[in-house]
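Student:
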Amino acid sequence: MRHIILMLVCLLVLARQVFAQDAATAKETGKASLEGRVVKEPGGEPVKKAIIELIAENQEEGGNYTATSDQEGHFEIHGIEPGRYQMFAAKAATISRPLSLLQRRSEIKRSNAPHAGGRNSDRPRAG
Numbered sequence: 021m022r023h024i025i026l027m028l029v030c031l032l033v034l035a036r037q038v039f040a041q042d043a044a045t046a047k048e049t050g051k052a053s054l055e056g057r058v059v060k061e062p063g064g065e066p067v068k069k070a071i072i073e074l075i076a077e078n079q080e081e082g083g084n085y086t087a088t089s090d091q092e093g094h095f096e097i098h099g100i101e102p103g104r105y106q107m108f109a110a111k112a113a114t115i116s117r118p119l120s121l122l123q124r125r126s127e128i129k130r131s132n133a134p135h136a137g138g139r140n141s142d143r144p145r146a147g
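Numbered continuously in our numbering, the sequence shown closes out at residue 147.
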């Protein structure tokens, strides 16, 4: 699989400025925007339909945001709460169908691996 590099056209501004919006709107909302382009390395060919995820380091203050790149690899995310974020870009072409996992019952299997034994007691030791 080719490596995907996220080339940012604009930097994420987490203060009170918003790209693609005027200064008055930015001051009113206090939100940020992120705009960028996803390209393949080497060569810089645009990656269409890549999933871009922006995940807040502090989930209480920020949130998670997702965008999909267009035909030119371009994406935009608006309304971002100020804070620190991690950003990921991926394109998965190998998923063939959705998968749901439900826990219906628990099963414990014993292996032949060595294990430690012991006993736990709430009673104080006689001494």
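Glycine residues also receive a C-beta, built at the ideal position from the N, C-alpha and C atoms.
Comparing alpha-carbon positions, which option in L54, A52, I72 and E101 lies nearest N78?
Tutor: Selected option, being the one with the closest Cα: E101.
Student: Mind checking whether I72 and A52 have CB atoms under 8 Å apart?
Tutor: Not in contact: I72 and A52 (Cβ atoms no closer than 8 Å).
Student: Mind checking who Q106 pairs with in its DSSP beta bridge?
Tutor: The partner list for Q106 (beta bridge, DSSP) reads I75.
Student: Is the beta carbon of E81 closer than 8 Å to that of G99?
Tutor: Their beta carbons are not under 8 Å apart, which means G99 does not touch E81 by this criterion.
Student: Compute the Euclidean distance between the alpha carbons of H94 and P66, then round it to the nearest angstrom.
Tutor: Cα-Cα distance, rounded: 8 Å.
Student: Taking K60 as part of the beta strand (DSSP E), name the residues at either end of that continuous run.
Tutor: Looking at the DSSP string, the run of the beta strand (DSSP E) that includes K60 is A52 to E61.
Student: Considering only the alpha carbon of each residue, which of Y85, E92, Y105 and A76 lies closest to V59?
Tutor: Minimum Cα distance to V59 is reached at E92.
Student: Return helix, strand or coil for A87, following the three-state DSSP convention.
Tutor: A87: strand per DSSP, three-state reduction.
Student: Rounded to whole angstroms, what's the CA-CA distance from E96 to G64? Just pull it up for me.
Tutor: Using only the alpha carbons, I get a separation of about 19 Å.
Student: Mapping DSSP to helix, strand and coil, what is E96?
Tutor: Here E96 sits in strand by DSSP.
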